[in-house]
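Please read the structure below before turning to the comments.
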Amino acid sequence: MSEAVLSPDPRSVGGGRAIAGRPRYASTVSDSGASNSAADTVARAAEAYEDLAGLAETVEDEWQYVTDLVDAYLPSIRALAGADPGRALSGEAVAAVDEAIAEIALITDPHKAIDWLSTFPHLVGLALGGDVDRTSRATDGAGGEPDAADFDTTEPDDDSPFRMLRGGR
Amino acid sequence: MRFQDAAKDARAVVYAGIQADPLVARAATLLERATTAERLLARAAMNGERTDPETWRRIFPTLFGEGATEGLRGHAEQILVASLEVAERGEAARSQYRGAIVEELTARLLASRAGPAEPVKRERRVLFDGVRAEIHPYDVTLESAARPEVYDCKWGARGINADVLNQLDDARAHGADEDVDLRVAIVVFDARRSCDLRLDRSTANHDHTRLVALEALDELKEARL
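Just so you know, the sequences run in chain order A and B. Counting with this note's numbering, you get residues 1 to 169 for the letters of the first sequence. Counting with this note's numbering, you get residues 170 to 394 for the letters of the second sequence.
Dropping the structure here:
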């Protein structure tokens, strides 16, 4: 199975962007030793999301919307680490998140970046078996702390509307 | 109140060519029977930077990974292929294709529940007594004599703006003035939460305008507004 991991070298992928001197996660590499813990994977996704927001907010007319998106989704992404952030994720899940990170790192058009501020959290949530809507409500204090069962990709929750997002019809 | 075909200006003629492209019909047919995850795949891949399918298969392990059933994987693969064909049209054309696909999908979902006397049409204006006609036509209409419906379709939540919301609400209000129960809705191929954020900031009246976001598209075929 291939596994997408980090590349700290911005030159490794053409056309990507580097923001605030951060390394970009724009390539799919094998065996670089990226952590597959939930906490580390989610942290990479959150950092990439912040970078994307930095590009998107250059569209001045949409600054408020960009801010609203980030305020809503960034805590939701972080909450995907769940109650057991040290747990190891499957290789498939880690690869999916890192590949999605690589995809948004290639975006240079700030208007497209705004589109992806909406799309990316759902890709990460889908890959990790969590709900970027539900988990954010938990962190907002409306639904309590998410528990590990919310993020168990091996046990679909039949009552969850997110079951459909994971592939159910 | 009555419906009328929109005038064909140059933009409409060019756009009609895109609407008639078989790729639009194929994508809409696939998305009509898609899961939310598959629709999310379409949204991502049509708007992606990379067009190699293996990248997208890795991003969506629930559709293409070890746990996916043969049937799900096969259908998702067709959606991926169609989505990447849209992406391959280039940045300028793909936005028009995406819009046309959302409109076609909306029309198909509505048609699945429309009765024989309730034609589903595209690019239609709505005329009211004593009211100047809106310039922009509605993307999709369900032209029931008793309970007509009009829809504006958007690829992303950013498409939700005051002009669109005001036009929809004005139509509803003018319909009410004529004792017509005109239902108005905006269909957005984007996450509900992102749409809600957009609507929350809007000062345009949208209390009676229904939002149908990506996760709930199937509601279009299951129940009237």
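We put the beta carbon where it would ideally sit given N, CA and C, even for glycine.
Could you give the residue range of the alpha helix (DSSP H) that holds B/Ala256?
Glu239 to Ala256 is the extent of the alpha helix (DSSP H) around B/Ala256.
Does the stretch 94–101 of chain A come close enough to the stretch 174–194 of chain B to have 3 or more Cβ pairs within less than 8 Å?
Cβ pair count under 8 Å is below three, so no.
Pick out the complete beta strand (DSSP E) segments inside the stretch 58–90 of chain A, 3 residues or longer, and give them in chain order.
Entirely contained in the stretch 58–90 of chain A, not one beta strand (DSSP E) run reaches 3 residues.
Is there at least one Cβ from chain A nearer than 9 Å to B/Arg171's Cβ?
Not an interface residue.
Could you have a look at B/Val193 and say whether DSSP puts it in helix, strand or coil?
It is helical.
Counting only runs that start and end within the stretch 284–330 of chain B, where is the alpha helix (DSSP H) found for 4 or more residues in a row?
Within the stretch 284–330 of chain B, no complete alpha helix (DSSP H) run reaches 4 residues.
Can at least three beta-carbon pairs, one atom from the stretch 234–245 of chain B and one from the stretch 127–134 of chain A, be found at a separation below 8 Å?
No, they do not touch.
Chain A beta carbons: is any one of them nearer than 9 Å to that of B/Ile248?
Chain A contact via Cβ: absent.
In chain B, which residues lie less than 7 Å from A/Ile114 when you measure between Cβ atoms?
What A/Ile114 touches in chain B: Arg327.
Say whether chain B places a C-beta atom closer than 9 Å to the C-beta of A/Val132.
Chain B contact via Cβ: present.
For A/Ala4, which three-state DSSP category applies?
The pLDDT assigned to A/Ala4 is 38, lower than 50, so where the model puts this residue is not dependable, and the model offers no usable value.
What are the uninterrupted segments assigned as beta strand (DSSP E) that are 3 or more residues long and contained completely in the stretch 193–223 of chain B, given in chain order?
Whole beta strand (DSSP E) segments, 3+ residues: zero.
Within 9 Å (strictly less), CB to CB, does A/Asp51 reach chain B?
It does not; no Cβ of chain B falls within 9 Å.
Is the closest heavy atom of the ligand ZN to the C-beta of B/Asp346 under 8 Å?
As for the ligand ZN, it is missing from this structure, which has no ligand bound.
Closer than 7 Å, Cβ to Cβ, to anything on chain A: give me those residues from the stretch 365–377 of chain B, in chain order.
Here the close residues are Leu366, Arg367 and Arg370.
Rounded to a whole number of angstroms, what is the C-alpha to C-alpha distance between B/Phe229 and B/Gly284?
One C-alpha to the other measures close to 37 Å.
Based on the DSSP output, what are the partners of B/Ala354 in its beta bridges?
According to DSSP, which records beta bridges pairwise, B/Ala354 is partnered with B/Tyr320 and B/Arg379.
When we look at the beta-carbon of B/Glu287 and count the other beta-carbons within 10 Å, is it buried (16 or more) or exposed?
With 16 or more Cβ atoms within 10 Å of its Cβ, B/Glu287 is classed as buried.
From the DSSP output, which residues share a beta bridge with B/Thr174?
The question names Thr, but residue 174 of chain B is Asp in the sequence shown. Looking at the DSSP assignment, B/Asp174 forms a beta bridge with B/Arg293.
9 Å is my cut-off, CB to CB: does A/Thr119 come that close to chain B?
Judged by the 9 Å Cβ criterion, A/Thr119 is in contact with chain B.
Check A/Ser37 in the structure and name its three-state DSSP category.
Three-state DSSP puts A/Ser37 in a strand.
For A/Pro110, which option in A/Glu62, A/Ser35 and A/Asn36 has the closest C-alpha, if you only look at C-alpha atoms?
Answer by Cα proximity: A/Glu62.
Below 8 Å, can you find three or more Cβ-Cβ pairs linking the stretch 190–201 of chain B to the stretch 296–304 of chain B?
They do not touch, by the three-pair rule.
With a threshold of 16 other CB atoms inside 10 Å of the CB of B/Gln173, please say whether the residue is buried or exposed.
The residue in question, B/Gln173, is exposed, as its Cβ has fewer than 16 Cβ neighbours within 10 Å.
With a threshold of 16 other CB atoms inside 10 Å of the CB of A/Phe151, please say whether the residue is buried or exposed.
Interpretation of A/Phe151 is limited by its pLDDT of 35, a score under 50 that renders its predicted location unreliable; the figure taken from the coordinates is listed afterwards. So A/Phe151 counts as buried.
Let me confirm a value: B/Ser409 is counted as buried when at least 16 other C-beta atoms fall within 10 Å, else exposed. Which label applies?
Since the first residue shown for chain B is 170 and the last is 394, residue 409 of chain B is missing from the structure and cannot be characterised.
From A/Tyr49 to A/Pro85, what distance separates their C-alpha atoms?
Rounded to whole angstroms, A/Tyr49 to A/Pro85 spans 19 Å at the Cα level.
Using only CA atoms, which one of A/Ala79, A/Ser90, A/Leu106 and A/Leu89 lies nearest to A/His122?
Answer by Cα proximity: A/Ala79.
Does any residue of chain B bring its CB to less than 9 Å from the CB of A/Ile107?
Output row for A/Ile107: interface = yes.
For B/Ser363, name the three-state secondary structure that DSSP assigns.
DSSP places B/Ser363 in helix when its eight states are reduced to three.
So what's A/Asp131 in DSSP terms, helix, strand or just coil?
Looking at A/Asp131 - three-state DSSP - the assignment turns out to be coil, as it is neither helix nor strand.
Grouping DSSP H, G and I as helix and E and B as strand, with all else coil, what is B/Gly268?
B/Gly268: helix per DSSP, three-state reduction.
I want to see whether chain B comes within less than 9 Å of A/Glu60, judged by CB atoms only; does it?
No, A/Glu60 does not count as interfacial toward chain B.
By DSSP, does B/Gly344 sit in helix, in strand, or in coil?
B/Gly344 falls in the helix class under three-state DSSP.
Taking 6 Å as the limit between beta carbons, can you name the residues of its chain near B/Cys322, skipping five residues before and five after?
Only Val271, Glu272, Thr275, Asp308 and Val356 meet the Cβ criterion.
Name the residues in the stretch 59–78 of chain A whose C-beta lies less than 8 Å from a C-beta of chain B; which are they?
From the stretch 59–78 of chain A, only Glu62, Gln64, Tyr65, Asp68, Leu69, Ala72 and Tyr73 have a Cβ closer than 8 Å to chain B.
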